[in-house]
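Please read the structure below before turning to the comments.
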Amino acid sequence: MATVEERMKILRMVEAGTITAEEGAKLLAALEQSRKQERQSNRQAAPGAPGSPARWMRIRVTDTETGRAKVNINLPIGFVNLALKVGARFVPEAATLNMEELRQALLSGQQGKIVEVVEDGGELVEIFLE
Numbered sequence: 004m005a006t007v008e009e010r011m012k013i014l015r016m017v018e019a020g021t022i023t024a025e026e027g028a029k030l031l032a033a034l035e036q037s038r039k040q041e042r043q044s045n046r047q048a049a050p051g052a053p054g055s056p057a058r059w060m061r062i063r064v065t066d067t068e069t070g071r072a073k074v075n076i077n078l079p080i081g082f083v084n085l086a087l088k089v090g091a092r093f094v095p096e097a098a099t100l101n102m103e104e105l106r107q108a109l110l111s112g113q114q115g116k117i118v119e120v121v122e123d124g125g126e127l128v129e130i131f132l133e
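Position one of the sequence shown corresponds to residue 4 (our numbering), numbered consecutively onward.
Structural data, given as structure tokens:
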């Protein structure tokens, strides 16, 4: 349903003669339809469903020789967005990982493995968005 504010604005436009009553009715109907579509799309994009934005960033560091996991971190996306904004200025320019690419992947709602890097020390670093 349209917010009271939005509906009142349309009604004031009708009252002032800016638009006709028929045009106001059409605007109110379009506003209601827009709200219905928004609610529908919100229901369809349930967390974890295909097409829904990622909610977690998972970072895994594995020893390539033994296959043993050294680090396994799960972070909420909201925290990751904040950390990227704050931490981007501390990343060395020669870093293997492009922080802006990572940020864009987060903003676009991309899911799955987004980074796979083998470091010189024999460590495999993988970053997933889920």
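Ideal Cβ placement from N, Cα and C applies to all residues, glycine included. On a predicted model such as this, the values are computed, not experimentally measured, just so you know.
Residue from the options with nearest C-alpha to residue i
i, options, result
"residue 107", "132, 123, 127", "132"
"residue 105", "16, 24, 26, 57", "57"
"residue 114", "126, 121, 80, 125", "80"
Cβ-based burial, residue i [other Cβ within 10 Å; buried from 16]
i, result
"residue 28", "exposed"
"residue 72", "exposed"
"residue 83", "buried"
"residue 60", "buried"
"residue 110", "exposed"
Distance, residue j Cα to residue i Cα
i, j, result
"residue 14", "residue 77", "50 angstroms"
"residue 9", "residue 39", "15 angstroms"
First through last residue of the beta strand (DSSP E) which encompasses residue i
i, result
"residue 129", "126 to 132"
"residue 72", "72 to 79"
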